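What follows is a set of notes on a single structure, which appears directly below.
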């Protein structure tokens, strides 16, 4: 090896050598020799396996030797290898190994929940942690892994470490795993049988995967988060990744004995979905949240409140399952259990199943998890029978249930509140009311309900609340937040929307946003260009511009053509879209419009579904959702997905779902790539509605929103309170692209001649290695000028401006035809430049760069869209709480009734009287059943109004069998309908509160 190569290799080992040194000196690891101690065929350290078994279980070892004599060791390793292959390493570590005749070996001793049994503590301390470096793992070639971690001689983790000073990053380590670490025929790398997790890291960043699949391997970030976003914060005197191997302000190290064995024993689990299996390893924020929550609860006991603000995409279901499991095993310093029972309040059936499956892998005792669908008596019975984890729904969790808990005296409870994510069923009036209540009582509504219980009954010393939400309201913060140095409540644990976006767990749905006004202007701008006249696309633009903007037919044309042109090809043709309308009537008419437009244009590859409750009349005909879709309402989610529960496709595939209230929230469909809004949205409703698009799946790189009702400012204001920043461009005027271009050129980093030369090569045809080198050389000249600028503020401004140009140009190019090749040249050049510009944050993904080099794929997929981070500091504080319930009855309420009558008369030219309003009395009485009365009694008006509104409205609809005139007004006039509902709602709140 040359001196240069030797020096480089030495530098590359700086990180791995430091990691190993810290594990040995600080965490008690043994440093083993890979050449002498590693058995490549068995993928284990045989000597340490024997040492552990002989030292900790001498009686069982003696049985083995007695029965098998000289073949004892061979028998052990034969059976161990078979168990690893058949059951997997995780199960072997947890369940041990059995050998005839009745010999039982434990391959690991996990930390006991309490310290009352010294023998179990001693067993836990007897586990042997060891580390090897430069491990030649393969019998087929000389491939080596930088670091392998072992537990009792069995490999639990592999590590590829890179050094930023040599120009390599954790992205290179990821690529090394994908390209040079094939698991085929390699026991150490085989899924389930070999190491359970694989880490790629450098000094600043860590990512991990539990399954190597060559080029399909997916790595997830395993970082602490930096300033509210992705990455890791600085650590004085250490690498940013010190949390892996050193104890610090973050607590014990990830590879510390207690933490690592806790992960293996009480976090990792195998998740099976049909034929597919996924090994779940906790992401950092999940692990951090559970550890910190349990540490605080262990120190302070029951009776505390915790607000966990975790974004969509944070893996909340698993976090809740782990938290519930840890809560029932938590002991305080005196070795007393902190919680006797954990109760999970949720609306998600999937979470119920997931909890059952996850906890079952940790607990050997049957009946640990119990689902409660009934009364407080059922809850009391479950507690009496020793159910440790109880799952119930917010609808079933009444005041009586809470009284039952607080009345248990010496028993303590961890009450874990999950957000609601259920859809509507529409099977009957009551089922509809229940479903709509679940939909309306989203994250904050659920938390508000529990908060009201807590407020009215005072603190309960035996109940701790753990409230999970992505979008906390003022009530949520005040009731569950932790007081900070500023005297204001804050979340106990935070995983922000911004971090989830930057780490790639959800998409930034605001990146490709077009309002109706802006869209119209863009299309109109083309009309003014004579060179474009005569083309089919421009004819449509001209025809659209001449029609009234509220005409559904023209909106349908824009939607369908936009979907076909820009969305339909996404996800290999499986992309789907949602049209969100103002009312059930709008949804029905949109459905007819979409259906007729598709038919008239012969688009046989496009089909639409509609979702609305009850029945509707149109042109003298009565329609229901089930009749129009040709299947029951309960089938709609799976039919829209296109795949049966058994994994086989339905013969009919649907691409567009048209909704009003149904499925606008609480609908999880990762294939949604576009949303067309013809409905005013504000606040949480805007965030929850648009967030239907943010789910990720393989191949989903971007989303599209066309908005006919809301301004950009409206949507920004809605999102600001719930994440720290936004990357939405301020305006969709197409001429802004020239403003951005001009501002970029003023920095002095870009050279027009270099951009022209770049374009000549880039567009000349298929690029070979020489072409790519030439292109990179051209771009690096601009990088050099950028680096020479010592003004970091200007550099950061340029980075953000370049990202804005890339996003903005790629977006308007999808809507109108731009005939300025200079912009296209700058876009192509900018894509390379953005990749090569130095960054203090997470390096660009190498995989994306390679895809970008293929011109056609680069243009079609537009990888840059939606990938930019958001600017810190763009947020707005929520206002203080100023209303807690319905106002007392005053003369204003009588005035309100008169105003309703007057509004009906003024708006519809019909002489209605107060008696006409009284005709709704039967509907009101039908709505005020026992469950609704209880709900109104225990909740503030803003929390429960939506549930009342939906229930009352359904009752009114059923009462309109003969009263067609009043029916038409109430069903088609949202303002009149709201006035009517408000009148009866105020009456209901007054009566309930008075009786209470």
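Numbering (this note's numbering), first residue to last: 24 to 1019.
Positions of the beta carbon are idealized from the N, C-alpha and C atoms, including for glycine.
Remember, it's a predicted structure, so these values are computed and weren't measured experimentally.
What number of angstroms, rounded off, separates the C-alpha of residue i from the C-alpha of residue j?
| i | j | result |
| --- | --- | --- |
| residue 458 | residue 741 | Annotation note: pLDDT 22 at residue 458 (below 50); position unreliable, no value reported. |
| residue 855 | residue 722 | 21 Å |
| residue 341 | residue 781 | 48 Å |
| residue 240 | residue 507 | 41 Å |
| residue 223 | residue 632 | 44 Å |
| residue 48 | residue 274 | 17 Å |
| residue 162 | residue 666 | 42 Å |
| residue 270 | residue 301 | 30 Å |
| residue 802 | residue 845 | 16 Å |
| residue 663 | residue 678 | 7 Å |
| residue 585 | residue 174 | 56 Å |
| residue 206 | residue 177 | 17 Å |
| residue 693 | residue 730 | 20 Å |
| residue 744 | residue 713 | 15 Å |
| residue 597 | residue 643 | 36 Å |
| residue 349 | residue 150 | 22 Å |
| residue 351 | residue 313 | 13 Å |
| residue 612 | residue 575 | 8 Å |
| residue 321 | residue 137 | 12 Å |
| residue 46 | residue 172 | 10 Å |
| residue 366 | residue 434 | 13 Å |
By Cβ distance below 8 Å, which residues in the same chain neighbour residue i in space, the five residues on each side in sequence not counted?
| i | result |
| --- | --- |
| residue 615 | 641 |
| residue 523 | 334, 335, 336, 337 and 529 |
| residue 943 | 979, 982, 1003 and 1007 |
Kindly list the residues whose CB is nearer than 6 Å to the CB of residue i, restricted to its own chain and excluding five residues on each side of it in sequence; keep chain order.
| i | result |
| --- | --- |
| residue 716 | 532, 695, 698 and 726 |
| residue 500 | 512 |
| residue 170 | 39, 156 and 182 |
| residue 186 | 34, 35, 37 and 38 |
| residue 514 | 330 and 332 |
| residue 262 | 226 |
| residue 410 | 393 |
| residue 857 | 825 |
Could you tell me if residue i is buried or exposed, where buried requires 16 or more neighbouring beta carbons within 10 angstroms of its beta carbon?
| i | result |
| --- | --- |
| residue 685 | buried |
| residue 487 | buried |
| residue 230 | buried |
| residue 805 | buried |
| residue 484 | exposed |
| residue 323 | exposed |
| residue 783 | exposed |
| residue 56 | exposed |
| residue 221 | buried |
| residue 702 | buried |
| residue 853 | buried |
| residue 516 | buried |
| residue 973 | buried |
| residue 215 | buried |
| residue 228 | buried |
Please list, in chain order, all residues of the same chain as residue i whose beta carbon is under 7 Å from its beta carbon, the five residues on each side excluded.
| i | result |
| --- | --- |
| residue 83 | 126, 127 and 128 |
| residue 1011 | 951, 959 and 971 |
| residue 91 | 98 |
| residue 956 | 1015 |
Any chance the CB of residue i is under 6 Å from a heavy atom of the ligand ZN?
| i | result |
| --- | --- |
| residue 147 | With respect to small molecules bound, the structure shown includes none, and the ligand ZN cannot be examined in it. |
### Task
Any chance you could list the alpha helix (DSSP H) runs of at least 4 consecutive residues sitting entirely within the region 262–348, in chain order?
280–289 and 307–323
**Contact the region 121–129 vs the region 87–106: 3+ CB pairs below 8 Å** = yes
*If we count Cβ pairs, one from each stretch, closer than 8 Å, do we get three or more for the region 88–101 versus the region 236–254?*
Segment contact: the region 88–101 against the region 236–254, fewer than three CB-CB distances shorter than 8 Å; contact not assigned.
Original post:
In the region 731–819, which residue ranges form an unbroken alpha helix (DSSP H) of at least 4 residues, counting only runs that do not cross its ends?
Top reply: Every unbroken stretch of the alpha helix (DSSP H) spanning 4 or more residues and falling wholly within the region 731–819 is given here in chain order: 735–742, 759–769, 775–785 and 792–811.
Check whether the region 132–146 and the region 256–269 touch, using three or more Cβ-Cβ pairs below 8 Å as the test. The region 132–146 makes no contact with the region 256–269; the number of CB pairs closer than 8 Å stays below 3.
| said: For the pair the region 354–365 and the region 501–520, tell me if three or more CB-CB distances fall below 8 Å. | reply: no
Sequence ranges, beta strand (DSSP E) only - wholly within the region 665–729, length at least 3: 679–682 and 695–700
Measuring CB atoms only, is the region 199–219 touching the region 59–73, in the sense that at least three cross pairs come out at less than 8 Å?
yes
**Q.** Complete runs of the beta strand (DSSP E) confined to the region 175–224 [at least 3 residues]
**A.** Whole beta strand (DSSP E) segments, 3+ residues: 177–184 and 220–224.
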